[in-house]
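A short worksheet on the structure shown next.
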Amino acid sequence: MSVKQNGIKSRQVGICYQFSESGRCSYGESCKFPHFSSNQKKTAPKSRRRALAVDLNLVETFFAQYPDFSYRKGRPIVQEFYRMCDFFEWDRDDDEKKTAHEDFKTAMVLTFNTLYGTDVDDIDSWHRLCVALNISPLPKGLRECRRAVQGVYVNLVDLVDTRGGQVEIFDSLEELQDYTIETGKFFPKESAYAGGVLKALLKEIPNKRRRRPGGVGSYGGYGGPF
-15 MSVKQNGIKS
-5 RQVGICYQFS
5 ESGRCSYGES
15 CKFPHFSSNQ
25 KKTAPKSRRR
35 ALAVDLNLVE
45 TFFAQYPDFS
55 YRKGRPIVQE
65 FYRMCDFFEW
75 DRDDDEKKTA
85 HEDFKTAMVL
95 TFNTLYGTDV
105 DDIDSWHRLC
115 VALNISPLPK
125 GLRECRRAVQ
135 GVYVNLVDLV
145 DTRGGQVEIF
155 DSLEELQDYT
165 IETGKFFPKE
175 SAYAGGVLKA
185 LLKEIPNKRR
195 RRPGGVGSYG
205 GYGGPF
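Per our numbering, residue -15 is the first one in the sequence shown, and the count goes up by one each step.
Written out as structure tokens, the structure reads:
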């Protein structure tokens, strides 16, 4: 239930990301957060477009915690997060903004995990990335897959937010860095929920930070040839 104190709108109770990732929660029935599993609805046909719609439920669940904000499904998720920050007039150091930011990053990480896997030695995970990046023909070996994927410059948020569409590919790291900073599409470099595949892909954009007008801040300046 959403409450309002001193003119500040607040969010509903969050979801239990521990349960969402593993299907288990160390707090059991005493956990104060709802238990939502990212695997609950995976009964749709095995097409990439349908799978993306299912996996993005984690992001939609995040926005559902803020019923006063009208989330526009189908719009870029980072753009919607920034718009929500403006809607609630959150300052950069606002505790509620910080909590929302952490929850949003976790939702993106879990979505990446469900789309592309977590086992860095699983060739199927790398094949999924190859398909998303339109790498054809699919490399047969694990090493070849990793080399092919890591040679492509693409924004990680775009990989999560494609909904089955084409992902923009860049010619150089510099072009990717400029795009990431201009759009604010920074993916969290560190997360307790990051799988091995994600950790293998993340690289830092050195010495480049971006603050949005209004004090909302930046994601932390991370991107790279994902």
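C-beta atoms are modelled at their ideal positions from N, C-alpha and C, and glycine is treated no differently.
Within the DSSP secondary-structure output, TYR137 pairs in a beta bridge with PHE154.
About 15 Å separates the CB atoms of SER175 and THR83; that is not less than 8 Å, and the two are not in contact. Across the structure, LEU160 and LEU182 are spaced so that their CA atoms are roughly 18 Å apart. DSSP, read as helix, strand or coil, puts GLN161 in helix.
Rounded to the nearest whole angstrom, the CA to CA distance from ASP75 to LEU140 is 26 Å.
Going by DSSP, GLY180 is part of the alpha helix (DSSP H) stretching over 180 to 185. With a beta-carbon spacing of about 6 Å, PHE46 and ASP87 fall inside the 8 Å limit used to define contacts. Burial check for PHE170: the Cβ neighbour count within 10 Å reaches 16 or more, so the residue is buried.
Within 10 angstroms of the beta-carbon of VAL133 lie 16 or more other beta-carbons, which makes it buried. Around the beta carbon of SER120, fewer than 16 other beta carbons sit within 10 angstroms, so the residue counts as exposed.
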